[in-house]
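Positions 5 to 336 (the UniProt record's numbering) are the ones given, in order, by the sequence shown.
Beta carbons: idealized from backbone N, C-alpha and C, even for Gly.
These numbers were taken from a predicted model, which means no experiment stands behind them.
Reviewing the structure listed below.
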Amino acid sequence: SPRALSGIQPTAGSFHLGNYLGAIRQYVALQETHDAFYMVVDLHAITVPQDPAELRANTRLAAAQLLASGLDPERCTLFVQSHVPEHAQLGWIMNCLTGFGEASRMTQFKDKSAKQGADRATVGLFTYPILQVADILLYQANQVPVGEDQRQHIELTRDLAERFNARFGETFTVPAPHIVKETAKIFDLQDPTIKMSKSASTPKGLINLLDEPKMTAKKVKSAVTDTDTVIRFDAENKPGVSNLLTILSTLTGTTIPELEKSYEGKMYGALKTDLADVMVEFVTPFRARTQEYLDDPETLDSLLAKGAEKARAVAAETLAQTYDKVGFLPAK
Ligand code: AQP
Numbered sequence: 005s006p007r008a009l010s011g012i013q014p015t016a017g018s019f020h021l022g023n024y025l026g027a028i029r030q031y032v033a034l035q036e037t038h039d040a041f042y043m044v045v046d047l048h049a050i051t052v053p054q055d056p057a058e059l060r061a062n063t064r065l066a067a068a069q070l071l072a073s074g075l076d077p078e079r080c081t082l083f084v085q086s087h088v089p090e091h092a093q094l095g096w097i098m099n100c101l102t103g104f105g106e107a108s109r110m111t112q113f114k115d116k117s118a119k120q121g122a123d124r125a126t127v128g129l130f131t132y133p134i135l136q137v138a139d140i141l142l143y144q145a146n147q148v149p150v151g152e153d154q155r156q157h158i159e160l161t162r163d164l165a166e167r168f169n170a171r172f173g174e175t176f177t178v179p180a181p182h183i184v185k186e187t188a189k190i191f192d193l194q195d196p197t198i199k200m201s202k203s204a205s206t207p208k209g210l211i212n213l214l215d216e217p218k219m220t221a222k223k224v225k226s227a228v229t230d231t232d233t234v235i236r237f238d239a240e241n242k243p244g245v246s247n248l249l250t251i252l253s254t255l256t257g258t259t260i261p262e263l264e265k266s267y268e269g270k271m272y273g274a275l276k277t278d279l280a281d282v283m284v285e286f287v288t289p290f291r292a293r294t295q296e297y298l299d300d301p302e303t304l305d306s307l308l309a310k311g312a313e314k315a316r317a318v319a320a321e322t323l324a325q326t327y328d329k330v331g332f333l334p335a336k
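In structure tokens, the structure reads:
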């Protein structure tokens with residue numbers, strides 16, 4: 005079956021609703037149809053300063069949340085990026101294949117480094133999309149489930165796969181982004197013109213899945229809408245209401261037109277109350293399941309070790325082929 009691969013950062017502690025709807029839901033769906041590899045990307049996490057103890061705890065926490073979201077270690081390979089050294093090894097080769105100008109065009113680096121002050125951004129942050137290229141190509145992935153903000157990085161991955169294949173002979177599968185249009189960009193609840201994000205959103209605009217459910221309900225109820233009164237999907241003119249409709253539609257499996265119909269003549273308060281209830285129903289068991297995995301770190305760690313072993317088998321084969329194509333002398 006075709007391969008899928010994706011990764012998620014362990015940095016923020018709790019995943020947020022954008023991570024879940026934009027990416028993790030797709031991870032869960034693709035494990036049914038694909039040979040799927042999902043990883044907690046701790047190598048990417050250290051592109052910005054991390055407290056070592058927190059990083060370790062957050063890595064387990066990320067894995068626990070992925071399992072709580074429905075990833076099943078029997079149906080996918082779940083692992084931690086640093087457990088598979090081939091990522092860094094192929095990353096180096098990809099660095100040497102990327103133009104400096106090409107890397108400089110990555111808009112995410114521009115955004116993130118601008119926030120930190122350009123002088124303080126690390127070289128690691130600059131080259132992180134290239135490590136991501138290696139992440140994907142190591143597994144010969146066909147599909148990469150991500151949110152819209154990652155599209156440019158998948159394009160870079162395709163370019164580098166094609167470049168390597170052209171220069172050294174057919175080696176890598178050229179992957180495609182798997183972006184579900186409706187949920188590719190979940191917006192901040194307080195400023196629905198920007199994406200919900202761990203770094204750019206204010207606490208009130210960001211729904212963390214591990215927040216107290218009461219707090220989640222409160223954030224939904226104080227979401228920014230508009231001065232109009234009609235509950236209608238119109239991303240351009242009514243971004244706040246449209247974002248709430250997208251979230252409700254996805255979590256309940258009700259289409260947007262069905263929702264518009266059921267809210268005819270009703271006020272924004274009704275939509276917010278319903279969404280708050282749905283969110284509470286969603287996060288309450290999610291929190292409990294996450295805690296169950298955290299309460300048994302030995303099982304969690306051994307599950308991740310098994311995942312790493314499965315991942316390494318695939319990654320090592322690709323790396324060996326790549327080393328050979330590049331012209332590295334075999335060790336013996
Ligand atoms: N708002 C979003 N809507 C849809 N998808 C989103 N993703 C992130 N935000 C949204 C997707 O979540 C996946 C994992 O993201 P990540 O942990 O790798 O980190 P990120 O993109 O750095 O997450 P943030 O919150 O957006 O962090 P900052 O603020 O640092 O940029 C990815 O597939 C991403 O597309």
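Counting pairs of Cβ atoms below 8 Å between the region 35-43 and the region 133-149, do you hit three or more?
The count of Cβ pairs closer than 8 Å, one atom from the region 35-43 and one from the region 133-149, reaches three, so the stretches are in contact.
Close Cβ partners of GLU278 (< 8 Å) along its chain, the five nearest in sequence each way excluded:
Per the sequence presented here, residue 278 reads as Asp, with Glu not at that position. Result list for ASP278: LEU252, in chain order.
Restricting to Cα atoms, I'd like to know which of SER203, GLY151, ILE183 and THR187 is closest to THR259.
THR187
Which same chain residues end up closer than 7 Å to ALA326 when comparing Cβ atoms and leaving out the 5 residues on each side of it in sequence?
In the sequence on display, residue 326 carries Thr and not Ala. Excluding sequence neighbours, THR326 sits near LEU94, ILE97 and THR175.
Starting from the C-beta of ALA63, find all residues in its chain whose C-beta is less than 7 Å away, skip the five residues before and the five after it, and write them out in chain order.
Per the sequence presented here, residue 63 reads as Thr, with Ala not at that position. PRO14, VAL44, ASP46 and VAL84, listed in sequence order.
Please state whether DSSP places THR259 in a helix, a strand or coil.
coil
Beta-carbon spacing of LEU275, SER226 below 9 Å
no
For ASN212, the three-state DSSP class (helix, strand or coil)
strand
Let me confirm a value: SER203 is counted as buried when at least 16 other C-beta atoms fall within 10 Å, else exposed. Which label applies?
exposed
Pairwise C-alpha distance: HIS91 and ASN99
12 Å
Starting from ASP195, trace the beta strand (DSSP E) in both directions and tell me its first and last residue.
Looking at the DSSP string, ASP195 is not in any beta strand (DSSP E), and its letter there is neither H nor E.
Report yes if the CB atom of ALA49 is closer than 9 Å to the CB atom of HIS182, and no otherwise.
no
Relative to the ligand AQP, is the shortest distance from any of its heavy atoms to the C-beta of MET110 smaller than 8 Å?
no
Which of the three DSSP states, helix, strand or coil, is assigned to GLN325?
helix
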